[in-house]
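Okay, structure first, notes after.
Numbering (the numbering used here), first residue to last: 571 to 1146.
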């Protein structure tokens, strides 16, 4: 990322806080100004000692400068650190809000661990780059120039010696900055890889254990951690070189000034008090120089983080649009696919090849066919998780591309194939899509989804914590929670993708009755491999190789479509 773009991005992050940044910088400069006055007060003290003059006033002034400078600079540091935390908070809020609005293909393209690391570790680095890079560069630079000016005023010869050493070592520091930048960028990428690997392992924890793969997964994580360590050490090495160079510059300058300054005092060119004041300025120069070097190194560290944050902010998001001003429609929704084609990426083959079917309002329509036929993709296109490559998809006669996303999805209830349950309580899962649902509505949906008995058995009822991804519930219980969550929204269109695949025969039969009841009030689309769940559907759409090959009832398709007849015979439903 070019330096100009990095600075623009950084400015955009702390622009809303520029008032407090300016206050913190002014306080820091005020503290630095009192520091600059201290060598002058020390010079006056030495002169008075040599002239046998009273020193009480100068001592009081010197003490006051030290105390006031320390207090003011400490308060300025607090203001800057607080502002830096605010910058991080704002960046995280912005980034989280954007990531949760990403288009599904973008999320599927990037590992979840990588996205999480951008919100956590990358935004954390904004703290350092805000206070130690931007502000320290400004305050350190001004203090450095003021100190240099005072040193030049005190003695031009000693100033020339000091400047020569600083320029020589400063050039060496500048040469290591690109090394710090490259090492830091690679270290952050490695940290993101650790998050990705851990997310994979914990996301399939039972599979890892059942496969006896703990050692192999540990080795993978260790490799990623070692890679991050290697790049981190490389970055630390170059930062150490930069920091050591600052100390070396001061020490060499001190020795040179002490030697040459002593000679000038001996020759009468300058007084002892002038040499003392110059040496104090030299020691005072350590702080602004250190700040400048630190600002440069932190900029190299932070620029890599900013580049990753900016990359995330450039990912394509959904345009949810504004809700329609007209009164919301009621009643079951109709669905039409008209010669729809689709592929997930331009370099991949088509999943749908001119898919066409019509679903009138109300009733249940089932989609069956071999794996990979494009059944689940139908639901993804209806929800506009993906955009059709060609053709039209109509809901209530209106192209889905003309629907504001918020309004479209408020019309739909969707139960995914793996019926995800979120960490939290049963109640929180049920009202996830209907936050304003009443207790009476929740109780009703529990009965409809055959969850009432389960909730009664749970130790805390609806307030029982279900664990990460519903780990404390069985697969069938998670599916029923997901179905109840969708029903609680009172959708006009209900999408069930293998929603009963983990239910036993008794509960499957009960849920089939629930779906049949829902189909009298709404339009229900079901994807199923187990034909026993769809034999009573009003219509069944048979798909194969991304096309619709037949539409009809169970009896019609058993008699008229060889593929469906084969599926039914395999599942002993040919005469059902």
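For glycine and all other residues, C-beta sits at the position ideal for the given N, C-alpha and C.
- Contact between the region 581-597 and the region 643-661 is present: three or more C-beta pairs spanning the two stretches fall below 8 Å.
- By the neighbour-count criterion, in which 16 or more other beta carbons inside 10 Å mark a residue as buried, residue 799 falls on the exposed side.
- By the Cβ test, the region 577-588 is not in contact with the region 802-822, since fewer than three Cβ pairs between them sit closer than 8 Å.
- Residue pairing by DSSP places residue 933 opposite 1093 in a beta bridge.
- At least 9 Å separates the beta-carbon of residue 1080 from that of residue 1096.
- By the neighbour-count criterion, in which a residue is buried when 16 or more other Cβ atoms sit within 10 angstroms of its Cβ, residue 1052 is buried.
- Of the residues 679, 611, 697, 705, the one whose Cα lies closest to the Cα of residue 646 is 705.
- Residue burial annotation: residue 648 is exposed, with fewer than 16 other C-beta atoms found within 10 angstroms of its C-beta.
- Residue nearest to residue 746 within the set 807, 926, 841, 904 is 807 (criterion: CA-CA distance).
- In this structure, residue 1018 keeps its C-beta atom at 9 Å or more from the C-beta atom of residue 1078.
- Residue state for residue 694 is assigned as helix, using DSSP reduced to three classes.
- For residue 1065 against residue 937, the beta-carbon gap comes to about 10 Å, at or over 8 Å, which does not count as contact.
- Of the other Cβ atoms in all chains shown, 16 or more fall within 10 Å of the Cβ of residue 985; this residue is therefore buried.
- Non-local C-beta neighbours of residue 1054 in its own chain, meaning closer than 7 Å and more than five positions away in sequence, comprise 1000, 1015, 1016, 1019, 1021, ordered along the chain.
- Put simply, the region 816-833 touches the region 731-738. At least three CB pairs are less than 8 Å apart.
- If you ignore the 5 residues before and after residue 768, its C-beta comes within less than 7 Å of the C-beta of 683, 791, all in its own chain and listed in chain order.
- Sorting 667, 676, 599, 616 by C-alpha distance to the C-alpha of residue 915 places 676 at the top.
- For residue 869, the enclosing alpha helix (DSSP H) covers residues 856-883.
- Rounded to whole angstroms, the separation of the alpha carbons of residue 783 and residue 789 is 10 Å.
- The beta carbons of residue 1128 and residue 1118 sit no closer together than 9 Å.
- Annotation: residue 708 to residue 690 spans about 27 Å, alpha carbon to alpha carbon.
- Proximity of the region 840-853 to the region 662-678 falls short of the contact definition, fewer than three beta-carbon pairs being nearer than 8 Å.
- Exposure of residue 786 is indicated by the presence of fewer than 16 other C-beta atoms within 10 angstroms of its C-beta.
- If you draw a straight line from the Cα of residue 1120 to the Cα of residue 752, it comes to about 58 Å.
- Cβ-Cβ distances below 6 Å link residue 602 to 713 in the same chain, with the five nearest sequence neighbours on each side left out; the list follows chain order.
- With fewer than 16 other Cβ atoms from the protein chains shown falling within 10 Å of its own Cβ, residue 919 counts as exposed.
- When secondary structure is reduced to three states using DSSP, residue 1067 falls in the strand class.
- Contact annotation: residue 771 and residue 681 have beta-carbon atoms that are not nearer than 9 Å.
- When C-alpha distances from residue 793 are compared across 809, 760, 778, the shortest belongs to 760.
- Each residue's CA atom was taken as its position, placing residue 1043 and residue 1023 some 14 Å apart.
- Among the bridge pairs identified by DSSP, residue 960 is matched with 911.
- Between residue 1058 and residue 1004, the C-beta gap is smaller than 9 Å, which places the two residues in contact.
- Under the DSSP assignment, residue 1117 falls in the beta strand (DSSP E) whose first and last residues are 1117-1122.
- CA-to-CA, the gap between residue 879 and residue 671 works out to about 15 Å.
- Between residue 993 and residue 1035, the C-beta spacing is below 9 Å.
- Of the residues assessed, residue 942 falls on the exposed side of the cut-off, its CB having fewer than 16 other CB atoms within 10 angstroms.
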